[in-house]
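Novice:
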Amino acid sequence: MHIGGVVLPESACARGRKLLWRPRLSLHTSSNSGTLPLWRAQLSVSSSSRVVTHDIPVKVIPRKLWKDLQEPTVPDADVSIYLPVLKTMKSIVEKMKNISNHLIIEANLNGELNLKIETELVCVTTHFKDLENPPLASENASQDRNSEQMAEVHIDIRKLLQFLAGQQVNPTKATCNIVKNKIVHFDLLHEDVSLQYFIPALS
Numbered sequence: 010m011h012i013g014g015v016v017l018p019e020s021a022c023a024r025g026r027k028l029l030w031r032p033r034l035s036l037h038t039s040s041n042s043g044t045l046p047l048w049r050a051q052l053s054v055s056s057s058s059r060v061v062t063h064d065i066p067v068k069v070i071p072r073k074l075w076k077d078l079q080e081p082t083v084p085d086a087d088v089s090i091y092l093p094v095l096k097t098m099k100s101i102v103e104k105m106k107n108i109s110n111h112l113i114i115e116a117n118l119n120g121e122l123n124l125k126i127e128t129e130l131v132c133v134t135t136h137f138k139d140l141e142n143p144p145l146a147s148e149n150a151s152q153d154r155n156s157e158q159m160a161e162v163h164i165d166i167r168k169l170l171q172f173l174a175g176q177q178v179n180p181t182k183a184t185c186n187i188v189k190n191k192i193v194h195f196d197l198l199h200e201d202v203s204l205q206y207f208i209p210a211l212s
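For the sequence shown, my numbering gives the first residue as 10, with consecutive numbering after it.
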């Protein structure tokens, strides 16, 4: 569903659930800006309800400019891997941010993902094992890549934290695609919506 340049899924209003998100766009047409109010109604055990509203500032993109907004072209990933629980990642990255502003993400085709920070005084690594790799990605990459060989990308930890802090709904699948030393591409799938997030490598 397109609303003034903002794309929203029909499933954004989760019918039949105790937790509801209802989007409505309020526009200031003179400046092509506005707010996107999202309200959440949650029923308690006693059947009473509580409503929380978030007003998100947005800039409306005129229809005539939509054609100029193209999805970035990304090279084939060296490694693709499904992410662990995003809340767990967020908690870890928040602690790492207190030590360094830079983070190394590395993964392989053997279901292993590492989050690593390195400074002159300390090296800290969090290991995730027994994760899954997307079948098609594993088949394509495994033809010329050792399954235990790590692909890594060095990124700004603050940008990763912005991505993790912005996730309010647990996706059905969360994929991390690493193009070695170039970019990390996150693809979150929730019902009929795909959210993609790109973080370039630090030079």
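Every residue, glycine too, gets a C-beta built ideally from N, C-alpha and C. As the structure is a prediction and not an experimental result, all values here were calculated from the model.
(1) Between the beta-carbon of residue 184 and the beta-carbon of residue 209, is there less than 8 angstroms?
(2) Measuring alpha carbon to alpha carbon, tell me which residue in 90, 182, 94 and 159 is nearest residue 201.
(3) Are the C-beta of residue 169 and some C-beta of chain C separated by less than 8 angstroms?
(4) Would you mind listing the beta strand (DSSP E) stretches within the segment 112-161 that are 3+ residues and don't spill past its ends, in chain order?
(5) Counting only the same chain and skipping the five closest in sequence on each side, list residues whose C-beta sits under 7 angstroms from that of residue 81.
(6) At the level of alpha carbons, what is the spacing between residue 131 and residue 104?
(7) Cα-Cα, which of 93, 212 and 187 is closest to residue 85?
(8) Assign residue 89 to buried or exposed, taking buried as 16 or more other Cβ atoms, counted over all protein chains shown, within 10 Å of its Cβ.
(9) Three or more C-beta pairs under 8 angstroms: does that hold for the segment 125-140 against the segment 102-116?
Specialist: With the given structure in hand:
(1) Your numbering for residue 184 matches position 175 in the sequence shown. Your numbering for residue 209 matches position 200 in the sequence shown. No; because the gap between Cβ atoms is not below 8 angstroms, this pair is not in contact.
(2) As a position in the sequence shown, residue 201 is number 192, starting the count at 1. Cα-wise, what sits closest to residue 201 is 182.
(3) Looking for chain C here will not work: only one protein chain is present.
(4) Positions of the beta strand (DSSP E) runs, each at least 3 residues long and wholly inside the segment 112-161, are given as 122-127 and 132-137 in order along the chain.
(5) As a working note, residue 81 is residue 72 in the sequence shown. 207, listed in sequence order.
(6) Sequence index remark: in the sequence shown, residue 131 carries index 122 (1-based). Sequence index remark: in the sequence shown, residue 104 carries index 95 (1-based). Straight-line measurement puts the Cα of residue 104 at about 14 angstroms from the Cα of residue 131.
(7) Position 76 of the sequence shown holds residue 85. Nearest C-alpha to residue 85: 187.
(8) If you number the sequence shown from 1, residue 89 lands on position 80. Note on residue 89: 16 or more other CB atoms within 10 angstroms of its CB, so buried under the neighbour-count rule.
(9) Proximity of the segment 125-140 to the segment 102-116 meets the contact definition, three or more beta-carbon pairs being nearer than 8 angstroms.
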